[in-house]
Amino acid sequence: MTAIILFDSLLGYMLDKLKALKKEIEKAADKAKDISGLEQLEIEYLGRKGKLTALLKDLSSLSKDVRPKAGAMANQIKQESLKLFELKKGELGGAVFESLADKEREDVTEPGIRPPQGHLHIMTQAIREITEIFNKIGFVRARYPEVDWDWYAFESLNMPPDHPARDEWETFFMDAPTSKKGKMVLTPHTSNAQVRELERGEFPVRMINIAKCYRRQSDITHVPMFHQFEGLYVDKDVSISHLRGTLDYFAKAFFGPDRAIRLRPHHFRFTEPSFEIDISCGVCGGTGVAADKTKCRVCKQGWLELGGAGMVHPNVLKAGKVDPKKYSGFAFGWGLERTYMMKEGMKIDDIRILYKNDMRFLKQF
Ligand code: PHE
């Protein structure tokens, strides 16, 4: 009898211990903050050296009659604890994914980030703009060699070999065999296109030739490679007023409606008469006087020099196999860089910056 009572109370003691352990597990699982914490608990309570395993060992001290009861309870606690840990893991794991989803959420409807995109060089932009302006009045862009014979660059333009006027065009000569048309040069101006265009024999001639030119010069107002745009108009009865009207149209289209041009007498071997073309200053409006009544710092006297022009010389027409008694025409040739730099708002104090490929400069246009 005593023995049974003793066994019974031992069983009661064991069951109490198991229940207490179950509560402890539940509490601990409740407090666990993450999955690795739960895994620790699993080892601590249910592992081979865990607290529940230690209790199970004590079961051997119970009598055979009651041992299964305690064993079943211990097993139940083990299974329930395992389930509880799984459940908890699921909850904590879900929370991890939720916060990940918040952190790494991607809005697929959001506009994408555009890759950086370049743009055309300002001189290419200028070429396109000028071509467009002349297209509107029927001038078509021509393309002629930028390495050409002396004949087209000088001789056919009424500048025989050794003529002192050639000095102005500080020419690069090619190390190439001389032909009937003379030496080869890097074109020092776009006027080589004049006779080449006349040779086509189609009238009226309305050409705009925009090309690279080369001269042995480099300083704040010169680059050894630059551009000119050359206009040539040849037809019957062409007069200076056609020249004036055309250039005035261009000045207003390119620089703005308030700008005006003036013709100043000059001398070129290939035009007669010849002019230097000026444009009214955009800063002082052609008065030469700044807003504060002092001399305009940009132009000093109201006008800025654009470039040369004139009526095509009869010898040039003849060189292009055109009869000067039947046809007449005008030509003009201006530096593209110079002309562009006279646009309002342009404050370029060294022309060479145009070709330095400095992104900080180029990006502004
Ligand atoms: N070719 C001349 C120059 O380079 C400009 C010009 C062209 C002058 C056409 C008159 C006519 O300076």
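Remember, my numbering sits 13 above the position in the sequence shown when you count from 1.
Don't be surprised by glycine CBs; every beta carbon is placed ideally from N, CA and C.
Keep in mind it's a predicted model, so treat the numbers as computed, not measured.
Asked                                                                                                                                     : Found
Residue 164 beta carbon near ligand 1 (any heavy atom closer than 8 angstroms)                                                            : no
Segment contact flag, the stretch 162-179 with the stretch 196-210, C-beta cutoff 8 angstroms, min 3 pairs                                : yes
Distance, residue 237 Cα to residue 231 Cα                                                                                                : 6 angstroms
Rounded distance between the beta-carbons of residue 221 and residue 152, thought under 8 angstroms                                       : 4 angstroms
Beta-carbon contacts of residue 339 that lie in its chain and below 7 angstroms, excluding the five residues immediately before and after : 249
Contacting residues, own chain, Cβ-Cβ under 6 angstroms from residue 283 (five flanking each side not counted)                            : 170, 171, 326 and 329
Straight-line Cα distance separating residue 335 from residue 341                                                                         : 9 angstroms
Collapsed DSSP secondary structure at residue 15 in the structure displayed                                                               : Here the model assigns residue 15 a pLDDT of 48, short of 50, so the residue's position is not dependable, and the following value carries that caveat. Three-state DSSP puts residue 15 in a helix.
Extent of the continuous beta strand (DSSP E) run through residue 241                                                                     : 238-248
Euclidean distance between Cα positions of residue 309 and residue 132                                                                    : 34 angstroms
Those residues which DSSP pairs with residue 221 across a bridge                                                                          : 154 and 244
Beta-carbon contacts of residue 45 that lie in its chain and below 7 angstroms, excluding the five residues immediately before and after  : 51, 54 and 101
Proximity of residue 106 and residue 48 at Cβ, strictly below 9 angstroms                                                                 : yes
Per DSSP, the bridge partner or partners of residue 227                                                                                   : 238
Assigned exposure category for residue 115 - 16 Cβ within 10 Å defines buried                                                             : exposed
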